[in-house]
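Colleague: FYI, in mature numbering (1 follows the signal peptide of the UniProt record, and there is no 0) the residues of the sequence shown are -20 to -1, 1 to 124.
Every residue, glycine too, gets a C-beta built ideally from N, C-alpha and C.
My questions will all concern the structure given below.
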Amino acid sequence: MTRAAALVLVALLTTLTACTSSKEPSVPDRDIETVAAEARTLIDELAGRVGQDPEVQQDTITDCVPGDRDSGKDLIYNVRVTVQPGTLERVRSEVAQQYEQDGWEVRPRGSDNTVFRKGEVTMGVTVFEDKGLAAVSGSGGCVR
């Protein structure tokens, strides 16, 4: 992955994994291991719809606010897949439609990103068609 692509991915992950406002109540009975396992499954499923040959690039449980151990825990999970020409269009039409029918909010962001949200889960797809790759990343939300 090029340096520019990596920077875009880091920016997307930062946006996707931002913790909820401290004014919002935390959801009871959530533990990070359960939330992380559920999020990984959802992200892996989306990655399978986006492309082929999935390869986990990052799987980290970290502080919701970097350096603040009291802020809660959050998953950063990123899978790289290979893609064919037309993937971005397919993600924003066919794949988005399937997720919207299942209750997900799907929004394009920028020229090559698409964000999927449902409950505490946020996932993003960044397509690099010129490189034949996509990054599918996300989080199950901050767990306090």
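Where does Ser2 land, buried or exposed, given buried means 16+ other C-beta within 10 angstroms?
Modeller: Within the sequence shown, residue 2 is the residue found at index 22, counting from 1. Bear in mind that a pLDDT of 38 at Ser2, under 50, signals an unreliable position, so the number given afterwards is only what the model happens to contain. Its Cβ having fewer than 16 others within 10 Å, Ser2 is exposed.
Colleague: On the DSSP letters alone, give me the boundaries of the alpha helix (DSSP H) that Arg70 sits inside.
Modeller: The residue you call residue 70 lines up with position 90 of the sequence shown. Taken as a continuous stretch (DSSP letters only), the alpha helix (DSSP H) holding Arg70 covers 67 to 70.
Colleague: Look at the alpha carbon of Met103 and the alpha carbon of Asp48, and state the distance between them as a whole number of angstroms.
Modeller: Along the sequence shown, one-based indexing puts residue 103 at 123. Along the sequence shown, one-based indexing puts residue 48 at 68. Rounded to the nearest angstrom, the two C-alpha atoms are 23 Å apart.
Colleague: According to DSSP, simplified to helix, strand and coil, what is Asp110?
Modeller: In the sequence shown, counting from the first residue as 1, residue 110 sits at position 130. DSSP places Asp110 in helix when its eight states are reduced to three.
Colleague: Got a sec, what are the start and stop residues for the beta strand (DSSP E) Glu25 sits in?
Modeller: Counting from 1 along the sequence shown, the entry for residue 25 is found at position 45. Segment 12 to 30 is the alpha helix (DSSP H) holding Glu25; no beta strand (DSSP E) there.
Colleague: Taking all protein chains shown into account, decide if Asp50 is buried (16 or more other Cβ within 10 angstroms of its Cβ) or exposed.
Modeller: One-based indexing of the sequence shown puts residue 50 at position 70. Under this definition Asp50 is an exposed residue.
Colleague: State the Cα-Cα distance for the pair Pro46 and Lys53, rounded to the nearest angstrom.
Modeller: As a first step, residue 46 is located in the sequence shown; it is residue number 66 there, counting from the start. As a first step, residue 53 is located in the sequence shown; it is residue number 73 there, counting from the start. When rounded, the distance between both Cα atoms is 10 Å.
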